[in-house]
Every structure is written in structure tokens, then in C-alpha cells.
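Okay, structure first, notes after.
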Amino acid sequence: MDWLSRIRSQAPLHHPGESVLAEAEAAVLMAITDHKEPDVLLTRRADHLNSHAGEVAFPGGKCDPEDDSVFATALRESFEEVQLPPEQVELVSAMPPSVSKMGLKVIPVIGIIPHQLELVASEDEIDSIFRVPLRYFLETPPPDFTEKEYLGVRYRIPCYNYEGYVIWGLTAYFITDCFNRIFDTGFELVMPEVQHTSK
């Protein structure tokens with residue numbers, strides 16, 4: 016499969032719309048490397064941070080007033096956190112949002128970056144930078160999941176384990192949801208409603 020062609024053609028079909036983007040409070044960059052066997056770029060946040068300490072995450076953060084779009088937020092935060100030059104990112108599309116455990120409306124932005132690009136972690140925010148083969152998320156069933164309810168809808172949130180890193184929460188949700196939309200992986204995130212039968 017030509018992974019990158021699939022991403023470039025299918026991701027824009029799931030753009031949530033400008034009105035949704037305008038309501039976003041934070042954005043993350045789902046950076047995928049331009050390789051025959053692409054990797055997904057992830058970070059482990061520093062242990063001393065006040066929020067999401069020690070968690071695996073995409074580069075990203077809250078929208079600033081000077082950001083003119085969620086794309087600008089994702090690029091700015093990625094440069095601050097891992098020294099990813101904005102001009103090295105091929106922006107593909109924004110994807111449907113979700114809400115973090117802090118209550119923020121977060122938009123994932125898919126971008127393609129050079130495979131051999133050297134990145135440097137910000138000591139203030141990032142403990143480590145690592146990559147996971149895209150194939151792993153498409154072919155490896157999540158070994159575990161948690162349940163979350165939002166606005167009356169129950170979700171299954173996958174939990175992946177990769178080389179000592181635990182990928183869970185909103186990051187795992189975005190990975191599974193976005194790749195499900197692009198590659199038709201078929202992992203159901205929305206749980207069926209419990210049917211109550213009367214005796």
C-alpha cells in the first residue's frame with residue numbers, strides 16, 4: 016500500500032469544517048514521516064509538568080491569540096517542543112476534534128515530515144522523542160482499553176504499549192480515530208448503548 020498517497024487523499028475528506036476549527040482551544044500535530052514505511056512521531060512529556068506529566072503525546076498545545084489558525088498552533092508548538100521547522104511540514108488536513116480530560120477542544124492536524132529529520136527535545140517540556148511505525152497501529156490490536164463517557168456517549172479508548180512507552184488517552188484516541196477514517200481499520204470507538212429490557 017502507498018501509505019502516504021492514502022493519507023493525502025483520504026484525510027482531507029474528514030476535515031471537520033471551518034466553524035469547528037474556529038472553536039478549537041488547542042491543536043496537536045500528527046507528524047508522519049515521508050518514507051515507504053512511515054513512522055508516527057510521538058513525545059513523552061517531562062515529569063515535572065503541571066499537566067499530563069510523563070504522558071505520551073503529540074507535539075501541541077493551547078491556541079494563542081496570535082495564532083491565525085489551528086495549523087499555526089500545531090506548527091508553533093511543534094517547533095517549541097521538538098525544534099520541528101514549520102517549513103519542513105507538509106500540512107495535509109485537520110481531522111475531527113475531541114475533548115481532553117482538561118476540558119479543551121483539541122484538533123489533530125496531520126502533517127508529513129522528512130523521514131531523516133533530526134529533532135531536539137525541549138528540556139523544559141519533553142523527556143524524549145520517539146517514533147512508532149505506522150504499520151504498528153494498523154496491524155496491532157490494542158492490548159487494552161478504557162471507557163469514557165462524554166455528552167452521554169460512551170467511548171472505548173485504546174491503550175497501546177510500544178517499546179516501554181504507554182500510548183493512551185486522547186493521543187491513542189486520535190491515532191485510532193484518524194487511522195480508522197483514513198485506512199478503514201474498523202476499530203469501533205463508540206460503544207453501543209445498553210439496551211434495557213422490561214420484564
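All residue numbers for the sequence shown refer to the numbering used here, where the first residue is 16 and numbers rise by one. C-beta: ideal position from N, C-alpha, C; glycine also. Just so we're clear, the structure is a prediction, and the values are computed from it rather than from any experiment.
Pairwise C-beta distances place the segment 18-37 in contact with the segment 187-207, as three or more of them are shorter than 8 Å. Annotation for Lys163: Tyr170, Ile172 place their beta carbon closer than 7 Å to its own, counting only its chain and skipping 5 residues before and after. For a cut-off of 8 Å, the C-beta gap from Arg60 to Ile141 is around 6 Å, short enough to register as a contact.
About 6 Å separates the CB atoms of Ala72 and Thr58; that is less than 8 Å, so the two are in contact. Beta-carbon to beta-carbon, Pro112 and Val121 are separated by about 6 Å, close enough to satisfy the 8 Å threshold. The criterion of a C-beta distance shorter than 8 Å is satisfied by Leu106 and Gly126.
Remark: C-beta atoms of Leu44 and Pro74 approach each other more closely than 8 Å. Straight-line spacing of the CA atoms in Ala26 and Ala109 works out to 8 Å.
Comparing alpha carbon positions, the residue from Glu38, Pro157, Ile47 closest to Leu149 is Ile47.
A straight line joining the alpha-carbon of Leu119 with that of Tyr188 spans about 15 Å. For Glu96, same chain residues with a beta-carbon under 6 Å away, outside a window of 5 residues either side, are Pro74, Ser137, Glu140, Ile141 in chain order.
Around the Cβ of Ser34, a 10 Å sphere holds fewer than 16 other Cβ atoms; the residue is exposed. Less than 8 Å separates the beta-carbon of Val55 from that of Phe152. The beta carbon of Glu92 lies closer than 6 Å to those of Pro74, Gly75, Gly76 in the same chain, with the five residues before and after it left out.
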